[in-house]
Each structure stands twice: as C-alpha cells, then as structure tokens.
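This report refers to the structure that appears directly beneath it.
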Amino acid sequence: MLAYVVRRVIAIVLMLFAISIVTYLLFYAIPGDPARLTCGKSCTPELISQNRQALGLDRSITVQYGHFLHGLVAGRNFPDDPELARTHPKFITHCDAPCLGYSPSRQTTVNNVMGRAAPVTLSLTIGAFVLWMLVGVGLGVLSAVRRGRIVDKLLLGVTLIGYSFPTFFVGLVLYDIVSVKYGLLPSPGYVALTQDPGGWFSGLLAPWITLALAYTALYVRLTRARMLDSLASDYVRTARAKGLRADQVVLKHGLRASLPPIMTLAGLDIAGVLGATAITEQVFHLDGIGSTVIEAVKEADLPIIVTGVLIAATAVVVLNLVVDLLYAVVDPKVRY
Amino acid sequence: MITEIEDVLGDHVTAGAIEGRSPGSVTWQRLRRDRITMASLAVVVLLALLAIAAPILRALHVIDPDTPHPELVQGLGSVPTGPFSGASAEHWLGVVPGVGQDVLSRVLFGLTFDFTIAAAATALTVLIGTTVGLVSGYYGRWVDASLSRVTDLVLAFPQLLMLIALSPLFLGQPPRNTRVVVYLIVVLALFGWPYLARVIRSEVLSLRELEYVTAARSLGAGPVRILVRELLPALRGPILVYATIVLPTYVSAEAALAYLGISLQPPFPTLGTVLNDALPYVTSDTTYLLVPGVALVLVVLAFNLLGDGLADAMNPRSGQM
Amino acid sequence: MRRLASAAAIVAVLVLAACTGNGGGKAQHGNPGGGQQKGGTLYVNAARAFTHLDPQRDYYGDIIDFESRTIVRTLTTFPAVEGAASTDVVPDVATDTGTRSADAKTWTFTLKPDVKWQDGKPVTCADFKYGISRTFAQDVISNGPSYALDYLNIPRDDSGQAAYNGPYKKQGQAAFDKSIDCPSPNKIVFHLRHPVADFYQTLTMPAFAAVRQDKDTGPKYDAEVFSDGPYMIQGSWDLRRGGTLVRNPNWVPSSDNVRKAYPDKIVTTFGDTAETVYQKLEADNGTQKNTVTTTNGPPAAVATVLSGPMQGRSESVNDGFIHYLSVNVDKVPNKQVRQAIAMAVDRTAYVTAWGGSAAGSPANSLISPLLKAYTKYDPFGVGDKGNPDKAKAVMQASGVHLPYPITFEYSKDATQDKAATNLKAELEKAGFKVTLDGLNPDTYYDVIANPSQTSELTWARWASDWPSGSTVIPPLMDGRQNISKTTLGNDYAAYNDPTTNQAIDTALSLTDAAAQQQAWSALDQRVVKDGVIIPMMASKSVYLYGSNVKGFLLNAAYGGFVDLAVVAVQ
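Below you can see the structure in the form of structure tokens.
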C-alpha cells in the first residue's frame, strides 16, 4: 500500500509538472503578444513595452518558465527593477514563495487574488457537492425502490428538466426572481464561514442549489442504476430470502454496494466542476476562482488566467489520487 | 458529469456482439417498445429538420431573423407593443424588445447554429476519442501507457474553463464570426475527447481477446484492418450513446459562453445569444424569455432522454427484474 | 496620453429637463433643505465598479461625483442643487472662485484655513501643487484627464508635449515649479500657457485636487486615497467590489458650504448586473431601503421603474451625454459617401433600441442641448428618421461602387447590439454592405483609438467636462492634439482639418464667453455637415432609489448622477 501511494504521488508530481508546461506553452507560446493582452485599458506602445519588461515577457519562453518556477520556490519582486526599488520602494510589490505571478489589471500578486478567491470556491463547491450527493443519492434510492412507478418517473423527469436548464439561467432566475423579487431564498453573497456561519450558509444557499441542480439529475440516475444492479444481485436476493426487512435490505446491502463507484465518479466530478462554478460565481457575484478568471479574461490578465487553469488542473489530478486511495481503502479487492 | 457515461456503458454494451441476432435489431426492437425514447427521438429529428430548414426558409423569405421593426416596440422601455411579446399573424412568437426582429425566426436560426457547431464538435470529439481509444487499447504496452498519460493530462483541464480561458488568446479583438465558430468546435473537441477515449479503450481491452478478433489476427489481418473492420463496428453502440449525450452539453456550453459574451456578432442569432438577450426581460417581457428557454431545454432534454434510452436498449441487463 | 470619451460633467444652462419626474409621490424630491437628518448608513450599489478612485486618474462622471462629495475636495466645485443652477461653480477649498489676470493666463486662489486632511494636518498649496503634478507622471498615473498637461505654462519638448514627467522621475521639475506658485501655504497661483477664461470651472475636476506627498503610493493610491473631505476610507477599498466610508473626524463642517454629509457611513458595492441592481431596488427590502445607485435603469427595467408604485422613488434627468458616430475620413475620403451615411441613419430607431423616450431623444449636434453653445439644425433635411432613399441617390450620384462595404465598431452589450442591428438595416437600404464589430467594452476606447485598427464607422459618446463647448470641440475634433503615430486620441474620425484647427485656436483665444460659445456651435455644424460626425442621441438617465432615502438629487453638473452631498437616510 505504501509503495503504491509513493508511486502515485511521484506520478502526480510529474503530471503537475507536465500540466504547468502545457499551460505555459498554451498561453505564452502562441502567436500574438501577451504583453498587448496584459496592457488592458489605455494601451500605448510605451506601456506595452514597459509591461513586457515588468512581467519578464521580453525574455524567451524557457527563461519565463524558469522565472515562474523560481518564483514558486523563492518568491519574486514586481517589477523586478532594483533601480525603482531604491527610489520608490513603495511602488514595488513583493510576492512571497510560492509566487504565482503578478496581475497587471489588479496591481497585486496573483497569490493575493487567488488567496482571497479560494475559500469562496471551496465553500461553493463543497456545499453544492454535499447537496447534490444527499439529494441525488437519496432520490436515486427512492427512485430505485419505486422502480417503474409514478414517483420514479416523476423524479427522473423533474431532475432531468432541472439539468436541462443552463446554469446561468437557473442562477439568474433564483437570484433576481426567487431571492430578490419574492424573497423566498436568502440574499446571495459570500461571508467567511469563520466570520459568520449563519451568513455563510444563507448567502451560499442559492448558489449551492444552482450548482447542485446541474449534477443532481445525473446522480439520481446513477444511483438508481447502481441500486437496481445491486438489488438484483444474488446476495441481496439471499438477504431478502432470509427474511430481512425491505428497508434493511435496501440500505444495508443495496446502498452499501452501490456507494463506492458513485463516490469514485463524484470525486472526478467535483474536480471537474470548476467550469460550472465559474458560471455560478459570475451569476451570484461571488469572488471565487472561476469568476476571477472570467474577469481576467475580460481584461486579458494572463497571469490570473494561467493560475486559474493551473489550480483547476491541479485540483483534478489531486482529487483523482484521493479518490483512488479512498477506493483502495474502501474496496479490498483493489490491488496495488 | 460525462464520467457517468463510462459507468452506464460499462462493459456490457458489446456483449450483444456475441449473441445470435444482430445487436442492432435487438436494440431497435427494445427501443420501439420504449415510448419516452421514441418520443425524444421524434423531437430530436424534428429539431434537426427545423435546423436544416431554417436557412432554406430564409432564402424563401418565409422567416427573417434580421430585419428590425422598431415601430413594433414602442412600449415603455421599448418592449413590444401588445401582449405576448407583440405576437401577431406576422410574428407568431412576438418580436425582440428594442429592435423588433421576429423571435421565432431567430430561435430557428439559433437552432441551426447550435446544431451545426455541436454536431461538428461532437464529430471531432468522436474522431479523436475513438482513434486514441482504439490505438491505446489495441496496442497496449508503451503506446497505451503514453496515450493514457496524455488522456489524463487533457482530462485535467476542465472543458468549460478552458473555453473561457483561451478565448482572449484565440478570438482576439474584434472577434470575427468565423473565428468564433472554429474556436467553439475545436476547443470543445480538444478538451472533450478524453472521456470517450477512456470508454473505447476499456471496451477494446475486453474485445481484443474475443475469438473473432483473435481469429482475424491469426488469418493475417493487419492492425489497421482489425481496428477499422473488426473492432470499430462493435463500438458503434457506445460511440452513438456518447455522441447523443455529449451533443447537448455542447449546446449548453455555447449558451454559457454566450452569457459571458463569447459568441457571434449580431445580428446572427445563436440559442445562447437569444436567451441571454431575453434574460433581463424576465419580468417585463416574459414571453420573450420563454421561447428560447424552452427551445434550449427541449434540445438538452430530448437528446439526454434519447441517450438514456439508447444505453438502456443496448444494455442486456435492462429488462431484468 | 489622451482621454477617452465618456467623461464627466455636463452643464445645463438651458432649460434643464432635469427631474422630469413622472407625476406625483415625490414628497422629498428636490427639497435638499428639509427633512434630512444626520445618521444612518447609506448604500451605493452600482453595476460598474469605480475604476479609479485616485483623483488624478478619475475621469468618469459617476466617480467624479462620488468622490467630490465624500473624500476629495477641490478649489472650486458644483453646488448640490437641482437643474441648471448646479453648474454655477462655487468655492470649495478656495475662499472664492479665484482672481484672474486680464489675459486670463494667471489665476490666483486663497485657501480656507480650516480645511484638514484626515490626520488633522491642514491642506496647503503644496498639497494641491503635488496632486496636480501627478497628472504628468503618465506612466503611473494613467487614464486621467490631461487638461493640466495642456494648460500649465511648461515649455514643450520636440513632440509638443510638456517637458515634465511627474513627481516620481522629476525631469523638468523646475519648469513645473514655475507654473504653479505657492507664495504662502494658503495661496496658490496658476500660470497658464494660453488664456483659459473658464479655468475656475476646470478646477472642479478631482484631477486638480490635492494629494499629500507622504501619502502618495503611486499606482496603489487608487485604493488608498487620503481624504480631506467629510468621509474617509475605512480599512481597505476594493476597486472591484467597493468599500466603506466613515466620517472624517477632522473635517470642519463650517469650512464646507456644499457637503451636508448626512449619513454616518456610506457603503459602496459593485458587481451586480444593472438588471439585478434594479430588481433589488424594486424589491426595496432591508438595506435596499437605504440604497441609491449610479447605474441608470437599463431598458428592461425602465417599464417597471416608470410605472406603478415605483414612480415615487424614481427620477430621470437629461444627463448631457451625446451619442455619436464618427466616420473615418481616411477610410471614407469621399464626402458624399459620408453624408449619405448621415442621411441614412434613423435616430428614432436608435433611441428605441436604447429604451425609447425614457433613454433620450434624437440629437443633431455634437454639443448637448444643455450647453449654451447648442444650436438646433438639420443639415441634410432628412429629419430624425433619416432617409435611406435619398442617401442611396447620393451614393449613386457619387459614382462609388455599390454595395459600399463599411465596418461599424461599437462597445458591445445587449442594447448596443440592437442599435447596431438597426443601423445595419438602414445603411444597407442605402447601398452599403455593413459588417458589425461589437468590441469588448473594457478596452473599447483604446481599440478604436488605435490607428491600425480603425474602421469606417465608430460609435462613441461624450459629455462636456464643464459647461462649455471648449470641453467638446477641441478634445474631440482638434487633430493636432489628438492624433499621433500611435493613437487617434478622441478623434476617432482621424479628422485633422487645417481650417477647423485654426478656427479652434481662434475660438480658444476669445475672452468673451458668448462669442466663444457661438464659435463652438459653428464648428459643430461644420463637422456634422462634412459627414465626419453623426450625432445620434442626447441621452437621459432614469434612476430608482430606496424608500428611506431623503433629499434624492440628480446633479446635472456631474452628468446627472446622484448627489451625495445632500442625500440622507431615514
């Protein structure tokens, strides 16, 4: 087991390395001038060349990538200009290791920006995850037990219709109509959990529902299918034949056998959710990683975009590992 | 979210290949008994026909998505004059606030656009995913190992996020319509194929040891022939199901990008741009919001139900219990 | 660097249809003297973030209005009153509106003794001088108005720019020091390069406000403005999401005749869409009762805001902005083709796309009807609706090949997409083939000012910075001050006509105000008749506010935004 874990962790580190290189190539080696993109409003040629220098874009891509790696380990100064540091130290921004870069449009380090955004995205994602798992698996079980009846069909239909609405549409309707106009949901917004747990919960309720709705239908169907499989399996039939109560059969045997594969997929989904969270954050004006990337796209702020992509990819890879390890713990049949 | 398909498909789909009757006819018979699936198939076909018909109808001047009619939108805040978005014999589903274009025509044309890019992106996805999956699964060893790493690598980049993140680099300023079309198709496919590649790979792993494949090999068939002539036909099922389920996600992605302003320049309509334009009118012109909303939901719903039905029909376990 | 269009204030000199209101129910409206009490928290919820709080970088009416009433004081300012009277400049930090020399090239002001920074130190001449000097550091202090560069008497370098690069690099500091004199801490003397008869109005802009040198943090000052007004920033200010202002304990009310500073606290939030801002205001729940906005009602909200129970909480105002199209003279050198475009456009359809009569009225001149320099005229005799057939006849007569291809660039949003769709249809009726290019609003004015990116037809809007044609015609139409190798400035038509330029010089040198405004009007008609500028709409804004807000006032001098000097909450 330990050897397996070590092997996987090494593989992950290599993978992250590859991801960072691919991302860098994708965003910095393409034709076009990233400095022009970083320039944003009121761009003059002087400003472009100044930005190019300040961000180190005048160097070759390998040198830039080297700077990036160096910054991760040792931190960086923006702009890296000893002369300016001497005359106007207040104008220099220092970025501690692990330094992810400097955002020209926000005039602060990417670490600062993402540091503030990460808790928002985490709160949103985890809350929505819990919601869609509880509701999705719960309704899935119900649907399986009531297979073929009205409840089953209704559940599948309703959740699928919910899934069919685009996230931004659901979000805007929940925000403008359900929450603001009729006050049926608390006003959305983000407060830190540590600061005000009640406010955190009520402010995120509408975003959670929005994000969860995109997934609930899938988990209802998935759980239902899994449940039907395991309820049809021999040992459940045996249990039933032995006279166990129906609900015990369903919960103890059916659900338990169904959960591991569901959890595996859930792990992958929660990692890949960052696109959908971006839209949800944008709709509810939550300053998470996704909406930060969207804002950066409008301002063509490459360091933020690149970091956002790296964070997302890292999340996917790391959660993949976590899922695999959990699976190994839960299911003894898995060989390392 | 698409990961589900891997699970639903499982390793049962191709089991039909070794049954006596052809798997196609078995599946079709099952399908015909499934009313919901048949209904969704009908809706899908109808929508596709409408999408194909829209440009023709326009050439015949039956529909007109572009021409403004400012005189029809003289309500407060330039909402359409008259109830139901100013619906009339001329404009069955009313006109667009502020400009007075025909809503029905715009939604039909939006269908054409969304179907085109979604179908093209799906085709490209299937092409890349199937090729990688086939090669990876059939050759095994280092080919499989390296292709699987590439698949994992691409899988690490969430598709929608990449569509957003890459847009300033590739769309530029000003974004030309042709660029937007190519961008949507290519980037959707580029970050969408790994799921299918994984499914195909695992199918091939189990298929390649089956008798008919080993028989073909021992008869001296080359790898290309085996891949294309023997394996590919057996994979039609999962590919079809995957395509059916992935296509509506591409339509949704188009709408989401339109919400973020990554879309065609006006007056060209897409389902996403029409829906987005209607969102602010949720209270002052609800009909306008409903039309593109219903159209979009119909597309996603019908394709998903159809995909479900197909998967069910191909799954030998369905019908048990 | 040259300035973007959009900018600040306007002026209402004619009958300002400010607060055209919509019937009754306005118990508190326009009644800044009664009913308001100190205390409470006022919320400002805006869709568009205040991009720059740094006074020298702030060039948008909403932000100029906001910070001029809260954290930034200027030598002179606009009074917080309704209608045209708001443009009668009053002293603020200065004791009066200044003393000018006979040639209007030297201006002297005396500072009030009890104007204090938030740490209690007095505001001095040196602080104003330092603040104004920052405008010259264009590499750090970007995006602000450039009047200081043009007006102050500093020698020019080879490229015609002032030979001073700001207080950070200090090249040419001695020359700058001569242009602003501090004979004593409470006296300031400006030496100008040419006569500026309305310089006391120029000084209302925050770009001419004081900044304390020891508090200047360069690019970071945007979120760290050190206040000399009635409020100050509490904690940190987030440029994207807003922040909180609390009372400045060192502000002396008796030193300030304009700001009543009723609320104890002003909480500013940004980022909702305009639609959501209005959904919230309509719902009027909780803190929304105490909320005002600087976002005007979007077309979809107008119907609700202007009808039913919302009427009593809404105001509308002619905000002084003129929407116009520039026809690039390099790309469309044929005057008849330009004129044909001008004849083909339907201004009423344009107004409809923007939300109808609540959003504005058709315009025929670049100068707003609110200005003295305005003259009503119809150069092509096609009225507001335009005449594509007549335009087509002109096109055919001009001998160009039809259809004539043109590209129209505009700042993309749902409303402008619609206006562009209308334009496309009208122009195509007149024999053009139109390609629409909706550009990212965030970088719009930079892109269209880029000479390598220009198209035949370009959208823009502009409002005067103070009530004079001097802040419309020269900044928009003087090719010499706008056009360089790298930029078109605000002159998106790339128009650089020697006759016009000379007329601008002549007009600027006039010291008789009325004669000067007449000269601006003549120039306005000249560029419109040449088909270089196609005025489209004189815009109006509609605002909704919370039910506990008292003394709601839209200040025409600042572009019709809410005037926080007199707003109170219950």
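So the protein sequences, as listed, match chains G, R and D.
So the first sequence is numbered by the numbering used here: it starts at 1 and just counts up by one.
So the second sequence is numbered by the numbering used here: it starts at 1 and just counts up by one.
So the third sequence is numbered by the numbering used here: it starts at 1 and just counts up by one.
By construction, the Cβ of each residue, glycine as well, lies at the ideal position given by its N, Cα and C atoms.
This one's a predicted model, so the numbers in the text were calculated from it and none came from an experiment.
Chain-order list of residues whose beta-carbon lies under 6 Å from that of residue i (same chain, five-residue window excluded)
{"i": "G:L231", "result": "G254"}
{"i": "G:A313", "result": "I19"}
{"i": "R:P267", "result": "D66"}
{"i": "D:G120", "result": "N250"}
{"i": "G:A239", "result": "V249, H253"}
{"i": "D:V447", "result": "L439, Q453"}
{"i": "R:R201", "result": "G133, S136, G137"}
Beta bridge counterpart(s) of residue i as assigned by DSSP
{"i": "D:T352", "result": "According to DSSP, D:T352 bridges with nothing at all."}
{"i": "D:N296", "result": "Paired residues: none, contrary to the question."}
{"i": "D:A568", "result": "D:K550"}
{"i": "D:W107", "result": "D:R100, D:F190"}
Endpoints, alpha helix (DSSP H) assigned at residue i
{"i": "R:L50", "result": "35-59"}
{"i": "G:V13", "result": "2-28"}
{"i": "G:N112", "result": "110-145"}
{"i": "G:T62", "result": "61-74"}
{"i": "D:R480", "result": "479-482"}
{"i": "R:F157", "result": "No alpha helix (DSSP H) holds R:F157; DSSP gives it neither H nor E."}
{"i": "R:W193", "result": "193-207"}
{"i": "D:Q339", "result": "335-344"}
Proximity test, Cβ basis, 8 Å: residue i and chain R
{"i": "G:A168", "result": "Before going on, a small fix: residue 168 of chain G reads as Phe here, not Ala. It does; some Cβ of chain R falls within 8 Å."}
{"i": "D:L75", "result": "no"}
{"i": "G:V130", "result": "no"}
{"i": "G:I150", "result": "no"}
{"i": "D:G24", "result": "Note that D:G24 scores a pLDDT of 32, beneath 50, so its modelled location is shaky and nothing firm can be said."}
{"i": "G:D234", "result": "no"}
Minimum Cβ-Cβ distance from residue i to chain D less than 8 Å
{"i": "G:M1", "result": "no"}
{"i": "R:S78", "result": "yes"}
{"i": "R:S284", "result": "yes"}
{"i": "G:D96", "result": "no"}
{"i": "R:Q29", "result": "no"}
{"i": "R:Y183", "result": "no"}
{"i": "G:S42", "result": "Note that G:S42 has pLDDT 47, beneath the 50 cutoff, so the model's placement of it is unreliable and no number is given."}
{"i": "R:P267", "result": "yes"}
{"i": "G:F91", "result": "yes"}
{"i": "G:D269", "result": "no"}
Residue-chain proximity (residue i, chain G), Cβ-Cβ < 8 Å
{"i": "R:P158", "result": "yes"}
{"i": "R:G98", "result": "no"}
{"i": "D:R241", "result": "yes"}
Own chain residues within Cβ distance below 7 Å of residue i, not counting five before or after
{"i": "D:D222", "result": "H52, L53, D54, R57, L239"}
{"i": "G:S20", "result": "L310"}
{"i": "D:S236", "result": "A223, G243"}
{"i": "R:L279", "result": "L289"}
{"i": "D:A419", "result": "Y350, A353, W354"}
{"i": "D:D127", "result": "A210, V211, R212"}
{"i": "G:T272", "result": "Note that residue 272 of chain G is Gly in the sequence shown here, rather than Thr. Hits under 7 Å: V316."}
Any non-hydrogen atom of the ligand ADP closer than 7 Å to residue i Cβ
{"i": "G:L174", "result": "Ligands are entirely absent from the displayed structure, and the ligand ADP is therefore not among its contents."}
Chain-order list of residues whose beta-carbon lies under 8 Å from that of residue i (same chain, five-residue window excluded)
{"i": "D:A5", "result": "With a pLDDT of 33 at D:A5, under the threshold of 50, the predicted position of this residue should be treated as unreliable, and no value is reported."}
{"i": "R:A231", "result": "Looking at the sequence shown, residue 231 of chain R is not Ala but Leu. Around R:L231: L134, Y138, V204, L207, R208, V213."}
{"i": "R:R58", "result": "D64, P65, S105, F109"}
Opening and closing residue of the beta strand (DSSP E) in which residue i lies
{"i": "R:G261", "result": "Careful: R:G261 lies outside any beta strand (DSSP E) and carries neither H nor E."}
{"i": "D:P362", "result": "360-362"}
{"i": "G:C95", "result": "93-95"}
{"i": "D:R461", "result": "457-462"}
Presumed contact (8 Å Cβ cut-off) between residue i and residue j, rounded CB distance
{"i": "D:P206", "j": "D:A104", "result": "Contact flag wrong, Cβ pair sits at about 23 Å."}
{"i": "D:A538", "j": "D:I322", "result": "6 Å"}
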